[in-house]
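Asks: Residue numbers (this note's numbering), protein chains in the order written: chain F, 1 to 313; chain U, 314 to 626.
Cβ coordinates follow ideal geometry from the N, Cα and C atoms, glycine included.
Number of protein chains: 2
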Amino acid sequence: MHVRILGSAAGGRFPQWNCGCGNCVAARENKPTRKFTAKPRTQAQLALSSDGSRWFLAGASPDLAFQIEAAPELHPRALRDSPIAGVVLASADLDHVIGLLLLRELQPLRVYAAPSILRILRDENSMFGMLNRIEPQVVWTPMTAGAPFPLQDAAGNDCEVSCEAIFLSNRFPKYVKSKIQNEEARTASAALFFQAKSPKSSAVKSVAYIPAVEKLDNELLAKIEGVDVLLLDGTFWSNDELIRIQGNGETAHQMGHIPVEESLRLLKNTKVGRRIYMHINNTNPILNEESPEHRAARAAGWEVAEDSWHLEL
Amino acid sequence: MHVRILGSAAGGRFPQWNCGCGNCVAARENKPTRKFTAKPRTQAQLALSSDGSRWFLAGASPDLAFQIEAAPELHPRALRDSPIAGVVLASADLDHVIGLLLLRELQPLRVYAAPSILRILRDENSMFGMLNRIEPQVVWTPMTAGAPFPLQDAAGNDCEVSCEAIFLSNRFPKYVKSKIQNEEARTASAALFFQAKSPKSSAVKSVAYIPAVEKLDNELLAKIEGVDVLLLDGTFWSNDELIRIQGNGETAHQMGHIPVEESLRLLKNTKVGRRIYMHINNTNPILNEESPEHRAARAAGWEVAEDSWHLEL
């Protein structure tokens, strides 16, 4: 399986347009010092493929057009064309869905998401109608939890990657207006487990993508055990990070993110191939490669995702 | 007046993510040849300022976060800060409004637009609610036509730039669901006329920004006469451009854009300081600096906008 990390920052990018914190200034000036070394990052975006020619996106970041241009394997191969077959959405967060509106140039795509998420996008936000101006264009496909399903392109061709969703949270974005039905209460965000055969052998390889998770319970830990690549919520280092920097706001847990200092501890004995933090907020000290927090994460066997990493499994 | 062209392409950027036309391939590979020399461009975006410290955006392009990072004068000067005081919208086109959703990091801003446009954004698209999660954040201000009004920041401070809108069209974007009232029929798009005093003298300087116009009638031509800078719809060179390339589709006029080959002729005798085409579609041959169309526009006294141009009036 080919995995491309097209973007690794949380919502707002790094640097963030209206933020003058030490991390952001260092990334903006791009001049490493002994105190600050921090690489700019675009918003979290993953692309996966079994064969390297048909790709699925996990999420659709607001930076998607730039991210596609930066990845030659996603460039068109004909007059009107894209290797992107579809998109799997884990939530309706703006930094995870706005990119769909950038894919509106009459291209056939399949979009998978929980029924609640599809309703929020399509019924509450008329702009998404631009994705269905002609046929064939976007095919919206409801995603349920509990069993893997094969990812298909808009025409229904199997692309040899499977996906299993585990729903995690009832924390829908603050913009949502529609009433969420009881049976959908937990579908606000999902952990996505992708599987595909290795091109080198017939072994099945697995990637867990969990950009937002408040709590790592035993069920989720058991599911993570043994994956080849874990891409985990690295939004905040500590629970009160935003409050300390801004003087007010919510804790990491209140915003639906487990702090890195807790997940480091909780996943200490979980066996995974590579463990990588992504969806990293501009305030997180692990972005600064000179920080004790960055060193602590590296010493615990974690990598800190950077844009344009290409993993081959 | 300071004018910064942050982006100069039409919707979809140049190159466009799913387009493999000659122009797009040349821009993507960024290797000039004797046949093709074409610079990549982000989506049309203008920033204006009287004093160089408080800026207004005309439009809010999907590429706005990158465009802000590329313009040092728009960087924050404090922990949470932006020199951007507000935004003036000429239409509800996606490539003109999505950028508002990127300005959601709790920053006070004033957004001016026709009442019809404000309704489309705020009533039909719940995501724009993220711009009003706290106070002070975005202040939405209805814009009427026929008289200049002073641009103010969210707190009501006059920023020494005035704007006058002339409404041009009843062609609302195809995603719009709400019924447009009769008295609002013409408010789908606007020409924006900005004025400010020159920092060097007390002379009043003027900029006309008209990214989408189907017809240059005598009233509009009279209004354009004498402006210091004209930034005009350069979307398509010819009326059947998209149809010839794609094999189907609408004419330039049907999409609400006067072709460059017509506006060149119509504006031949109109006196303006600088005349610049912007909002240029990836299919427009003027993007290719080796093309006869590019040379014809230049010979007629026009410039072809490029990203990051800074005009001082």
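With 8 Å set as the bound, which would you pick, yes or no: does the beta-carbon of U:W330 sit closer than that to a beta-carbon of chain F?
Replies: Indexing the second sequence from 1 puts residue 330 of chain U at position 17. Yes, because at least one Cβ of chain F sits closer than 8 Å to the Cβ of U:W330.
Asks: List the endpoints of the continuous beta strand (DSSP E) containing U:H388.
Replies: In the second sequence, counting from the first residue as 1, residue 388 of chain U sits at position 75. Unbroken run through U:H388: none, as it is neither H nor E.
Asks: Looking at C-alpha atoms only, which residue of U:H592, U:G459, U:L413 is the closest neighbour of U:F441?
Replies: Within the second sequence, residue 441 of chain U is the residue found at index 128, counting from 1. U:F441 has its Cα closest to that of U:L413, out of U:H592, U:G459, U:L413.
Asks: Alpha carbon to alpha carbon, how far is F:P292 from F:L6? Give it in angstroms, no decimals.
Replies: Here residue 6 of chain F corresponds to residue number 6 of the first sequence, with the count starting at 1. Here residue 292 of chain F corresponds to residue number 292 of the first sequence, with the count starting at 1. Spanning the two alpha carbons is a distance of roughly 26 Å.
Asks: For chain F, is any of its Cβ atoms less than 8 Å away from the one on U:D553?
Replies: Counted from its first residue, the second sequence places residue 553 of chain U at position 240. It does not: the Cβ of U:D553 has no partner Cβ on chain F nearer than 8 Å.
Asks: Would U:P598 count as contacting chain F if we go by Cβ distances under 8 Å?
Replies: Locating residue 598 of chain U in the second sequence gives position 285, where the first residue counts as 1. No, U:P598 does not count as interfacial toward chain F.
Asks: Do you know offhand how far F:N218's Cα is from F:D153's?
Replies: Stepping through the first sequence from its first residue, residue 218 of chain F is reached at position 218. Stepping through the first sequence from its first residue, residue 153 of chain F is reached at position 153. Straight-line Cα distance between these residues: approximately 34 Å.
Asks: In chain order, what are the residue ranges of uninterrupted alpha helix (DSSP H) at least 4 long that sit wholly in the region 191-233 of chain F?
Replies: Whole alpha helix (DSSP H) segments, 4+ residues: 218-224.
Asks: With F:H257 as the anchor, note down where its alpha helix (DSSP H) starts and where it stops.
Replies: One-based indexing of the first sequence puts residue 257 of chain F at position 257. Unbroken run through F:H257: none, as it is neither H nor E.
Asks: Could you name the residues of chain F that U:Q255 contacts, counting a contact when the two beta carbons are closer than 7 Å?
Replies: Nothing about residue 255 of chain U can be reported from this structure: the residues present for chain U run from 314 to 626 only.
Asks: Using beta carbons (cut-off 8 Å, strictly below), is U:E437 in contact with chain F?
Replies: Your numbering for residue 437 of chain U matches position 124 in the second sequence. With 8 Å as the cut-off, U:E437 counts as an interface residue toward chain F.
Asks: For F:R274, tell me which candidate among F:I280, F:L242, F:V207 has the shortest Cα-Cα distance.
Replies: Position 274 of the first sequence, counting from 1, holds the residue named residue 274 of chain F. Of the listed residues, the one whose Cα sits closest to F:R274 is F:V207.
Asks: Would you say U:P375 faces chain F, with C-beta separation under 8 Å as the test?
Replies: On the second sequence, position 62 is the one that residue 375 of chain U refers to. True, the Cβ-Cβ gap to chain F drops below 8 Å.
Asks: Taking the alpha carbon of F:I180 as the point to measure from, which residue in F:E124, F:A212, F:A26 has its own alpha carbon closest?
Replies: Residue 180 of chain F sits at position 180 when you count from the first residue of the first sequence. It is F:E124 whose Cα lies nearest to the Cα of F:I180.
Asks: Taking the straight line between their C-alpha atoms, what separation do you get for U:A334 and U:N561?
Replies: As a position in the second sequence, residue 334 of chain U is number 21, starting the count at 1. As a position in the second sequence, residue 561 of chain U is number 248, starting the count at 1. In the sequence as displayed, the identity of residue 334 of chain U is Cys instead of Ala. If I take the Cα positions, the gap works out to 15 Å.
Asks: Between the C-alpha atoms of U:L359 and U:S366, what's the straight-line distance to the nearest angstrom?
Replies: Here residue 359 of chain U corresponds to residue number 46 of the second sequence, with the count starting at 1. Here residue 366 of chain U corresponds to residue number 53 of the second sequence, with the count starting at 1. Rounded to the nearest angstrom, the two C-alpha atoms are 15 Å apart.
Asks: Report the option in F:A155, F:D63, F:V304 whose CA atom is closest to the CA atom of F:E135.
Replies: By one-based count along the first sequence, residue 135 of chain F stands at place 135. The candidate whose alpha carbon is nearest that of F:E135 is F:A155.
Asks: Quick one: grab the DSSP three-state call for U:R499.
Replies: Along the second sequence, read from residue 1 onward, the residue named residue 499 of chain U stands at position 186. If DSSP states are grouped into helix, strand and coil, U:R499 belongs with coil.
Asks: According to the neighbour-count rule (16 or more other Cβ atoms, all chains shown, within 10 Å of its Cβ), is F:P259 buried or exposed?
Replies: To locate residue 259 of chain F, count along the first sequence from 1; it is residue 259. F:P259 comes out buried.
Asks: Give me the subset of the region 115-147 of chain F whose CB atoms are less than 8 Å from a CB atom of chain U, sorted by chain position.
Replies: For the region 115-147 of chain F, which is checked against every Cβ of chain U, the residues closer than 8 Å are I120, E124, N125, S126, M127, F128, G129, M130, R133.
Asks: Give the residues of chain F in contact with U:R484, contact being defined as C-beta atoms less than 9 Å apart.
Replies: Here residue 484 of chain U is taken as the residue at index 171 of the second sequence, counted from 1. Going along chain F, no residue has its Cβ under 9 Å from U:R484, so there is no contact; the nearest lies around 15 Å.
Asks: With three or more C-beta pairs closer than 8 Å as the rule, is the region 314-331 of chain U touching the region 87-94 of chain F?
Replies: Touching, no.
Asks: Our contact map puts U:L545 next to U:S576 with C-beta atoms below 8 Å; I'd like the distance itself, whole angstroms only.
Replies: Translated into the one-based positions of the second sequence, residue 545 of chain U becomes position 232. Translated into the one-based positions of the second sequence, residue 576 of chain U becomes position 263. About 6 Å separates the two Cβ atoms, so the contact holds.
Asks: How many angstroms separate the CA atom of F:A58 from the CA atom of U:I479?
Replies: Translated into positions along the first sequence, residue 58 of chain F becomes position 58. Translated into positions along the second sequence, residue 479 of chain U becomes position 166. Using only the alpha carbons, I get a separation of about 43 Å.
Asks: Looking at the structure shown, is U:R484 part of a helix, part of a strand, or coil, going by DSSP?
Replies: Indexing the second sequence from 1 puts residue 484 of chain U at position 171. U:R484: coil per DSSP, three-state reduction.
Asks: Just curious, the alpha helix (DSSP H) that F:E29 is in, first and last residue?
Replies: If you number the first sequence from 1, residue 29 of chain F lands on position 29. First-last of the alpha helix (DSSP H) with F:E29: 22-29.
Asks: Are the Cβ atoms of U:N601 and U:F549 separated by less than 8 Å?
Replies: As a first step, residue 601 of chain U is located in the second sequence; it is residue number 288 there, counting from the start. As a first step, residue 549 of chain U is located in the second sequence; it is residue number 236 there, counting from the start. No, the Cβ-Cβ distance between U:N601 and U:F549 is not below 8 Å.
Asks: Go ahead and label U:Q508 buried or exposed: buried means 16 or more other beta carbons lie within 10 angstroms of its beta carbon, across all protein chains shown.
Replies: Numbered from its first residue, the second sequence carries residue 508 of chain U at position 195. Buried is the call here.
Asks: Is U:V452 closer than 8 Å to U:F361 when the C-beta atoms are compared?
Replies: Counting from one through the second sequence, the residue named residue 361 of chain U turns up at place 48. Counting from one through the second sequence, the residue named residue 452 of chain U turns up at place 139. It should be pointed out that residue 361 of chain U corresponds to Leu in this sequence rather than to Phe. Contact: no.
Asks: So with Cβ pairs under 8 Å, would you call F:K35 a contact of chain U?
Replies: Numbered from its first residue, the first sequence carries residue 35 of chain F at position 35. No, F:K35 does not count as interfacial toward chain U.
Asks: Does any residue of chain F have a CB that is nearer than 8 Å to the CB of U:I589?
Replies: Taking the first residue of the second sequence as position 1, residue 589 of chain U is located at position 276. No, its Cβ sits nowhere closer than 8 Å to a Cβ of chain F.
Asks: Is F:A188 near F:S169, with beta carbons less than 8 Å apart?
Replies: On the first sequence, residue 188 of chain F is found 188 positions in, with the first residue counted as 1. On the first sequence, residue 169 of chain F is found 169 positions in, with the first residue counted as 1. Yes.
Asks: Is the CB of U:E477 under 8 Å away from at least one CB in chain F?
Replies: Within the second sequence, residue 477 of chain U is the residue found at index 164, counting from 1. So, not an interface residue.
Asks: What does the alpha-carbon distance come out to for the pair F:K268 and F:I224?
Replies: Numbered from 1 along the first sequence, position 268 holds the residue referred to as residue 268 of chain F. Numbered from 1 along the first sequence, position 224 holds the residue referred to as residue 224 of chain F. Near 12 Å, if we compare the C-alpha coordinates of F:I224 and F:K268.
Asks: Any residues in the region 82-97 of chain F with a beta carbon nearer than 7 Å to a beta carbon of chain U? Which ones, in chain order?
Replies: Residues S82, L94.
Asks: Between the beta-carbon of U:A618 and the beta-carbon of U:S321, is there less than 8 Å?
Replies: Position 305 of the second sequence, counting from 1, holds the residue named residue 618 of chain U. Position 8 of the second sequence, counting from 1, holds the residue named residue 321 of chain U. Yes, the pair counts as a contact, with Cβ atoms nearer than the cut-off.
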